[in-house]
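Chemist: Input: one structure, supplied below.
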Amino acid sequence: MRRLRRTAALRQLVAETALTPNDLIAPLFVREGIDAPEPIASLPGVVQHTLASLCSEVAELQARSIGAVILFGVPEVKDPIGSGAFNPDGIVQVALAKLRDEFGDSIVLIADLCIDEYTDHGHCGVLTPEGAVDNDTTLEIYARAACAQAVAGADIVAPSGMMDGQVAAIRSALDTESHPETAILAYAAKYASSLYGPFRDAVNVELPHGQDRRAYQQDWRNAREALEEVRLDIEEGADMVMVKPAVTYLDVIHLVRQEVQVPLGAYHVSGEYAMIKAAGVAGWLDAEAVAIEQLTAVKRAGADFTLTYFAKEVAEQL
Ligand code: PBG
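Residue 223 in our numbering is what sits at position 191 of the sequence shown, and the numbering runs on without skipping anything.
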């Protein structure tokens with residue numbers, strides 16, 4: 033076997049998987065009411081952007097051949113129903129319009145569609161008087177958010193709240209409100225992972241003590257259940273599906289790839305980024321090499337694209 037491993041040129045010739053910048057989607061945070069970018073302690077190198085710094089970041093990503101970004105908003109004011117997610121002047125809507133204006137169709141704009149960044153209780157849905165997440169009332173809010181994002185210029189909306197029926201509700205609202213061209217990237221198999229901690233710092237979300245998202249996100253002991261989630265989302269109208277997180281769910285990515293023909297994404301999440309970065313800073317690992325190895329593994333497992341905080345840094349090396 034070693035004959036074909038002898039030189040870099042031979043190895044390149046027989047490489048089965050090639051990671052390219054085009055496989056990477058950069059998650060970006062935009063915060064309302066700040067006038068300078070704000071660093072995020074648990075995500076070194078990632079910031080909460082102002083509208084202006086968001087635009088320069090997108091230009092830099094484009095210069096490195098990254099073709100798509102996904103936006104998350106950090107509002108100044110939160111409320112029980114997360115109105116910032118659907119108000120036309122909510123921060124993500126404003127940012128989408130500005131980016132569309134500045135970059136035209138040269139970049140794919142994806143809007144994460146959820147309300148946890150906008151609710152004062154931090155859950156991904158509205159609550160019943162007893163404090164449970166109310167599935168169907170939440171769907172009405174997601175539908176409004178999808179339309180607001182479409183009007184503002186999103187090419188793709190990406191529901192991440194794991195409510196049952198969310199894709200059908202969003203598809204129907206988009207079609208009714210004359211946005212049949214807006215695509216849906218479903219966070220189809222999203223696990224109740226402990227790897228989202230740094231993200232919650234990035235969007236200033238804290239769940240009340242002792243609460244978690246296990247009543248809506250998937251139990252990580254289950255893989256077959258992911259196939260059912262994916263099947264339902266495609267049936268409801270998802271154009272693309274996603275598995276999240278990435279590296280601890282390579283088996284799930286592989287299974288889904290075998291089952292479906294639609295584009296499949298993976299989300300290399302904040303905790304995956306933070307672990308590698310922290311070990312890199314300590315001098316324990318070569319962070320960039322580990323990032324490229326992990327992102328290549330995600331592609332090898334079957335993902336067509338990966339959302340990753342490493343997008344810019346890794347694209348420079350590819
Ligand atoms: C929900 C959402 C989360 C992430 C993306 N969308 C947080 C959560 O489910 O708690 C996490 C992404 C990451 O950790 O990088 N709006």
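Where is the CB? At the ideal position from N, CA and C, for every residue including glycine.
Note that the coordinates shown come from a computational prediction; the quantities given were computed from them, not determined experimentally.
If we count the other Cβ atoms within 10 Å of its Cβ and call it buried at 16 or more, is residue 290 buried or exposed?
Modeler: exposed
Chemist: Can you name, in chain order, every residue of its own chain whose Cβ lies under 8 Å from the Cβ of residue 260, other than the five neighbours on each side?
Modeler: none
Chemist: Short check: CB of residue 51 to CB of residue 327, under 8 Å?
Modeler: yes
Chemist: Please go through the same chain and pick out, in chain order, the residues whose beta-carbon is closer than 7 Å to the beta-carbon of residue 16, but skip the five residues on each side of it.
Modeler: One cannot answer for residue 16 here, as it falls past the ends of the chain, which runs 33 to 350.
Chemist: Alpha carbons only, please: which of 178, 329, 77 is nearest the one belonging to residue 189?
Modeler: Among 178, 329, 77, the Cα nearest to that of residue 189 is on 178.
Chemist: Any chance the region 212-221 sits against the region 156-169, with 3 or more Cβ pairs inside 8 Å?
Modeler: no
Chemist: Looking at the strands, I want to know which residues DSSP matches up with residue 144.
Modeler: 190
Chemist: Does the ligand PBG have even one heavy atom less than 7 Å from the beta-carbon of residue 345?
Modeler: Incorrect: residue 345 has no Cβ contact closer than 7 Å to the ligand PBG.
Chemist: For the ligand PBG, is there any heavy atom lying closer than 7 Å to the beta carbon of residue 88?
Modeler: no
Chemist: Please output, in chain order, the residues near the ligand PBG using a CB cut-off of less than 5 Å to any non-hydrogen atom of the ligand.
Modeler: Taken from the N-terminal end onward, the list reads 146, 148, 192, 228, 231, 301, 302.
Chemist: For residue 63 and residue 123, what's the separation of their Cα atoms in angstroms?
Modeler: 7 Å
Chemist: Could you pull the start and end residues of the alpha helix (DSSP H) that residue 176 belongs to?
Modeler: 167-184
Chemist: DSSP three-state label for residue 250, please.
Modeler: strand
Chemist: What does a CB cutoff of less than 8 Å around residue 265 pick up in its chain, not counting 5 residues either side in sequence?
Modeler: 199, 218, 220, 273
Chemist: Could you spell out where the alpha helix (DSSP H) holding residue 305 opens and where it closes?
Modeler: 302-313
Chemist: Nearest to residue 297 by CA position, among 132, 262, 347, is which residue?
Modeler: 262
Chemist: Here's the rule I'm using: 16 or more other beta-carbon atoms within 10 Å means buried, otherwise exposed. How should residue 241 be labelled?
Modeler: exposed
Chemist: With a threshold of 16 other CB atoms inside 10 Å of the CB of residue 108, please say whether the residue is buried or exposed.
Modeler: exposed
Chemist: In the DSSP output, what is residue 59 paired with across the bridge?
Modeler: 102.
Chemist: Go through its chain and collect everything with a Cβ distance to residue 292's Cβ below 7 Å, but skip five positions before and after it.
Modeler: 262, 266, 273
Chemist: Decide if residue 245 is buried, meaning its Cβ has at least 16 other Cβ atoms within 10 Å, or exposed.
Modeler: buried
Chemist: What is the rounded straight-line gap between the Cα of residue 232 and the Cα of residue 33?
Modeler: 46 Å
Chemist: What residue does the alpha helix (DSSP H) around residue 328 start on, and which one ends it?
Modeler: 319-333 is the extent of the alpha helix (DSSP H) around residue 328.
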